[in-house]
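Let me begin by presenting the structure, written as structure tokens, before commenting on it.
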Amino acid sequence: MRGPGIRLFFSVQLGNLNFDEEFADQRFSRLRDAFSNPLTEVALLFLHASIPLFNNFNKLLQSEEPIIHMLHDSTIQLAWSLANMIIKPQVLKDTPVTELNLDDPQIYKPEHSIFMGVTTKFKLQKLLND
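Residues in the sequence shown are numbered consecutively from 1040, following the working numbering.
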């Protein structure tokens, strides 16, 4: 992850900026705060690990060919892939993804086994150990 480089870039840019507009100051202040928070990198790593799940579905939606006949199955597959990250395998085996009761806390995997990507998990563990 390029977190330290991104933080350095924004800290230099923010230090060099001299805006008179209150909006610009608030906006860059929020960016500075976000990039100084170590959990921002964890969140970005999680998003980086999750985006591939959406890529094929996005490509399908951008197709110039008629896709209505494929849309339902592709949507179910995406929902199942997302659910597989956080729902217990036995629940997914026994219950169609469209019938999951997401309000039931018993269907979710324990926190330590939720998919978040290898790099994300490593970074989060490092932050917890520091």
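Don't be surprised by glycine CBs; every beta carbon is placed ideally from N, CA and C.
Tell me whether the beta-carbon of residue i lies closer than 8 Å to the beta-carbon of residue j.
i, j, result
"Ala1073", "Met1155", "no"
"Ser1113", "Leu1092", "no"
Tell me the rounded alpha-carbon separation between residue i and residue j.
i, j, result
"Ile1146", "Lys1127", "6 Å"
"Thr1158", "Asn1123", "19 Å"
"Ile1090", "Pro1135", "23 Å"
"Pro1149", "Leu1070", "32 Å"
"Phe1161", "Glu1103", "40 Å"
"Ser1068", "Gln1164", "28 Å"
"Leu1141", "Lys1098", "28 Å"
"Thr1137", "Ala1118", "8 Å"
"Leu1131", "Asp1143", "13 Å"
"Leu1100", "His1151", "34 Å"
"Phe1085", "Ser1075", "17 Å"
"Ile1108", "Asp1133", "According to the sequence shown, residue 1108 is His rather than Ile. About 26 Å."
"Leu1083", "Pro1105", "34 Å"
"Asn1095", "Gln1129", "26 Å"
Which residue wins for smallest C-alpha separation from residue i, given the options the options?
i, options, result
"Asp1169", "Leu1070, Asp1143, Leu1078 and Ser1068", "Leu1078"
If contacts are defined as beta-carbon pairs under 8 Å, then residue i and residue j qualify, I think. What distance do you get, rounded to the angstrom?
i, j, result
"Ile1115", "Ile1153", "21 Å between Cβ atoms; not a contact."
"Val1081", "Leu1167", "With a Cβ gap of about 10 Å, Val1081 and Leu1167 do not count as contacting."
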